[in-house]
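**Q** One structure coming up, written as structure tokens, with questions to follow.
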Amino acid sequence: MSYEDLPCVDFVELATDYLEGALPTERRLIVERHLAFCTPCVDYLAQMRATVRATGGLREEDVPEPVMESLLDAFREFSSDGG
Amino acid sequence: MGATGSDEGVLLARLRAGDEAAFRDLVSAHHRAMRRVALSYVQTPAAADEVVQETWLAVIRGLSRFEGRSSLKTWIFRILVNRAQTRGARERRIVPFSALAPDGDAGPTVDPDRFLPPGHPVAGYWSLTPSRFFELPEERLLATEVSALIAETIAGLPERQRRVIELRDVEGWDAEEVCASLRLTAANQRVLLHRARSAVRAVLEDYSAVQVVET
């Protein structure tokens, strides 16, 4: 394996395409060969996955109660009309 | 359709029967994402709120006619996008979201100083290797302070990057759903996602480095 195939500086720009499964086979194999030999790039990929998990922590289920109430009113009204 | 199909069937039956808890769940599941999508078509938060409100009314009225040929979510967002687009055209949003300038879609996403320079025998390899902040316990990664930092970073991103990462990584949508609602090509969506995630990654790496020094 020659590292010139894919230096780390180029690997990092392919990381999302790789995680998304969007790389053509040949390109994917080059990435996987690189990862087999390069611990820092494996760590970089783990950073990206952790970033996605941490960003997912921002998710909230709450809808402002006045908004919810006005929508529920509309839902009730329509349902009781036999809609 | 599989398992989700039958779950949807149950949900739909409850909604049609006027089950308020089911409607509340539906609103909770989609309301914030609807607002985010609407904001990519219209000028102001107030206009986005109106589009979302109109969409919910259309959903309520249309439930009895919904045939289940797509998922409920797909149907809801199709209604939303149509309305938001009409509203956006009427407001004459200066540039449609999908045609916004590539806002920094070029250049490296990792500081070039992190790599060995051209001319070095192993040019392009890491000179300062990535930290292992991913080994932090999950409760540290999801701590309020970290969430606030991520929220601040996302708020500062160019608009298209912000919308994509909000839907993909905050709301947990898949790539196809984001492309359909924001009218992006698959390749474009990935570029925007990559740039947005890279920005958040860099901030998390810096933040965790400071944490290590402090402890």
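Residue numbers (the working numbering), protein chains in the order written: chain A, 1 to 83; chain B, 84 to 298.
Yeah, the Cβ is synthetic: ideal placement off N, Cα and C, and Gly gets one too.
1. Ignore the nearest five residues each way along the sequence and tell me which others in Asp-17 of chain A's own chain have a CB closer than 6 Å to its CB.
2. Pick helix, strand or coil for Trp-209 of chain B, following the three-state DSSP scheme.
3. Since Ala-22 of chain A meets chain B, which of its residues come closer than 9 Å, beta carbon to beta carbon?
4. Using only the alpha-carbon positions, how far apart do Phe-216 of chain B and Glu-222 of chain B sit?
5. Taking only the alpha-carbon atoms, compute the straight-line gap between His-113 of chain B and Arg-59 of chain A and give it to the nearest angstrom.
6. Between Leu-109 of chain B and Val-134 of chain B, is the Cβ-Cβ spacing less than 8 Å?
7. Can you find a CB in chain C that lies within less than 8 Å of the CB of Leu-35 of chain A?
8. Between the stretch 102-130 of chain B and chain A, which residues of the former have CB atoms less than 9 Å from a CB of the latter, in chain order?
9. Contact criterion: CB-CB distance below 8 Å. Does Glu-61 of chain A meet it with respect to chain B?
10. How close, in whole Å, do the beta carbons of Thr-192 of chain B and Ser-281 of chain B come, if the pair is a contact with beta carbons under 8 Å?
11. Using CA coordinates, which residue listed in B:Gly-202, B:Ala-100, B:Ser-123, B:Glu-150 is at the minimum distance from Glu-77 of chain A?
12. How is Phe-149 of chain B classed by DSSP in three states: helix, strand or coil?
13. Using the rule of at least 16 other Cβ atoms within 10 Å of the residue's Cβ for burial, across every protein chain shown, is Pro-64 of chain A buried or exposed?
14. Please list, in chain order, all residues of the same chain as Val-283 of chain B whose beta carbon is under 6 Å from its beta carbon, the five residues on each side excluded.
**A** Reading off the structure:
1. Once the five neighbours on either side are set aside, the close Cβ partners of Asp-17 of chain A are Leu-23.
2. Reduced to three states, the DSSP call for Trp-209 of chain B is strand.
3. What Ala-22 of chain A touches in chain B: Ala-258, Ala-269, Ala-270, Arg-273.
4. In a straight line, the C-alpha of Phe-216 of chain B is about 13 Å away from that of Glu-222 of chain B.
5. It is roughly 12 Å from the alpha-carbon of His-113 of chain B to the alpha-carbon of Arg-59 of chain A.
6. Cβ atoms of Leu-109 of chain B and Val-134 of chain B: not closer than 8 Å.
7. Among the protein chains of the structure shown, namely A and B, there is no chain C.
8. If the cut-off is 9 Å between Cβ atoms, the stretch 102-130 of chain B has Asp-102, Glu-103, Phe-106, Arg-107, Val-110, Ser-111, Ala-112, His-114, Arg-115 near chain A.
9. For Glu-61 of chain A, the closest Cβ of chain B is nearer than 8 Å.
10. Between Ser-281 of chain B and Thr-192 of chain B the Cβ distance is about 4 Å, and since that is below 8 Å, they are a contact.
11. Measuring from the Cα of Glu-77 of chain A, the nearest candidate turns out to be B:Ala-100.
12. Note: Phe-149 of chain B maps to coil in three-state DSSP.
13. The C-beta of Pro-64 of chain A has fewer than 16 other C-beta atoms within 10 Å across all chains shown, which makes the residue exposed.
14. Sequence-distant Cβ neighbours of Val-283 of chain B in its own chain, meaning closer than 6 Å and more than five residues away, are Ile-233, Thr-236.
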